[in-house]
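So the sequence shown is numbered by this note's numbering: it starts at 5 and just counts up by one. Structure first, commentary second.
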Amino acid sequence: MKFIMDESMSALGIKSIVVGIAKNVDPQATLSDAFLKKQKEMEEWALKCDIDEIFNHPVIQGYTNMLQSVGRSIKKYMPTVPALIRNIQHRGSIPHINSVIDIYNVESLRSLLAIGGHDLGKVDGQIEFAVSKKEDVFLPILSTEKHVAKTDYMYRDLKGIMAWLDVRDGENYKFDDKTKNAIFIIQGNANTSVEMRVEALKRIQSDLAECMPQLEFDIQVIEG
Numbered sequence: 005m006k007f008i009m010d011e012s013m014s015a016l017g018i019k020s021i022v023v024g025i026a027k028n029v030d031p032q033a034t035l036s037d038a039f040l041k042k043q044k045e046m047e048e049w050a051l052k053c054d055i056d057e058i059f060n061h062p063v064i065q066g067y068t069n070m071l072q073s074v075g076r077s078i079k080k081y082m083p084t085v086p087a088l089i090r091n092i093q094h095r096g097s098i099p100h101i102n103s104v105i106d107i108y109n110v111e112s113l114r115s116l117l118a119i120g121g122h123d124l125g126k127v128d129g130q131i132e133f134a135v136s137k138k139e140d141v142f143l144p145i146l147s148t149e150k151h152v153a154k155t156d157y158m159y160r161d162l163k164g165i166m167a168w169l170d171v172r173d174g175e176n177y178k179f180d181d182k183t184k185n186a187i188f189i190i191q192g193n194a195n196t197s198v199e200m201r202v203e204a205l206k207r208i209q210s211d212l213a214e215c216m217p218q219l220e221f222d223i224q225v226i227e228g
């Protein structure tokens, strides 16, 4: 698969993007006891944590700085991890969707990184990371079409936008029961090192491998 990183991303503080490609995944796999213990610990942490303190963390500040730099409201377009924590606190528990999503949600809580997860079989050709530079539309998972401004950052394949503002993933690329291969994308921000993002993907790889013995996993660093 070809990856293109437009120079417009550099102006936002993103010099590289880390990608993990997982083959032979099983969204219905039984999660390991070790992972379920870790998931429970992260759930308990999220239920007790202070959202304001999370917003003061350098990783989250990096995301809020990017959103503000393109004129987006933090209140309306909350970074991924604070939004996930708020959801957990509202419902009283961590959401259980499928094994693949559960695994990378736990890693997002652990690392505070926004992690895009997509069904690789639904991706058409290359993936381009860029500021939109044109008016566009985006269909988030379980939502209605959103207007994309020329200044919004996103990544897209040949069919459309896969993820927008690093806060929402696309409906047309989501995991389902038939997903066999997955792609995880960590764009990060000016406050996230390549090493930090690679380590996050390695933990996802380890958790997937515990319950998906046929797993193949490859990590790539895309330079601008």
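No residue lacks a Cβ here, since even glycine has one placed at the ideal position from N, Cα and C.
{"Item": "Same chain only: Cβ atoms within 7 angstroms of Asp140, ignoring 5 sequence neighbours per side", "Value": "Val152, Ile165"}
{"Item": "Straight-line gap, Ile8 to Met158 (C-alpha atoms, nearest Å)", "Value": "12 angstroms"}
{"Item": "Cβ contact check for the region 12-23 and the region 88-95: 3 or more pairs under 8 angstroms", "Value": "no"}
{"Item": "Validate contact between the region 116-133 and the region 181-196 using beta carbons, cut 8 angstroms, 3 pairs", "Value": "yes"}
{"Item": "contact_flag[the region 41-53, the region 215-227] where n(CB pairs < 8 angstroms) is 3 or more", "Value": "no"}
{"Item": "Touch test, the region 189-206 against the region 33-41, Cβ-Cβ under 8 angstroms, three pairs minimum", "Value": "no"}
{"Item": "Closest Cα partner of Ile131 within the set Tyr177, His100, Ser103, Asn109", "Value": "Tyr177"}
{"Item": "Local Cβ density within 10 Å of Pro31, reported as buried at 16 or more and exposed below that", "Value": "buried"}
{"Item": "Proximity to Gly192 [Cα-Cα], best of Ser112, Val104, Gln43", "Value": "Ser112"}
{"Item": "Buried versus exposed call for Asp211 [16 or more other C-beta atoms within 10 Å across all chains shown]", "Value": "buried"}
{"Item": "DSSP-derived helix/strand/coil call for Pro62", "Value": "helix"}
{"Item": "Coarse secondary structure for Phe7, derived from DSSP in three states", "Value": "strand"}
{"Item": "First and last residue of the uninterrupted beta strand (DSSP E) at Val110", "Value": "Segment 103-115 is the alpha helix (DSSP H) holding Val110; no beta strand (DSSP E) there."}
{"Item": "Beta-carbon proximity list for Ser115, same chain, < 6 angstroms, skipping 5 on both sides", "Value": "Ala204"}
{"Item": "Supposed close pair Asp173, Ile25 - CB separation, criterion 8 angstroms", "Value": "Their Cβ separation, rounded to whole angstroms, is 16 angstroms, which puts Asp173 and Ile25 out of contact at 8 angstroms."}
{"Item": "Cβ-based neighbour list, Asp161, same chain, cut-off 7 angstroms, excluding 5 preceding and 5 following", "Value": "Val127, Asp128, Gly129, Gln130, Ile131"}
{"Item": "Where the beta strand (DSSP E) containing Val29 begins and where it ends", "Value": "Looking at the DSSP string, Val29 is not in any beta strand (DSSP E), and its letter there is neither H nor E."}
{"Item": "Among Lys44, Pro144, Lys79, Ile64, nearest to Thr196 - alpha-carbon criterion", "Value": "Ile64"}
{"Item": "Per-residue burial, Gln218 [other beta carbons within 10 Å of its own, 16 or more giving buried]", "Value": "exposed"}
{"Item": "Coarse secondary structure for Glu139, derived from DSSP in three states", "Value": "coil"}
{"Item": "Closest Cα partner of Ile145 within the set Trp168, Met5, Ser103", "Value": "Trp168"}
{"Item": "Nearest residue (CA-CA) to Leu71, options Asp156, Glu199, Val23, Ile58", "Value": "Asp156"}
{"Item": "Straight-line gap, Lys27 to Val74 (C-alpha atoms, nearest Å)", "Value": "35 angstroms"}
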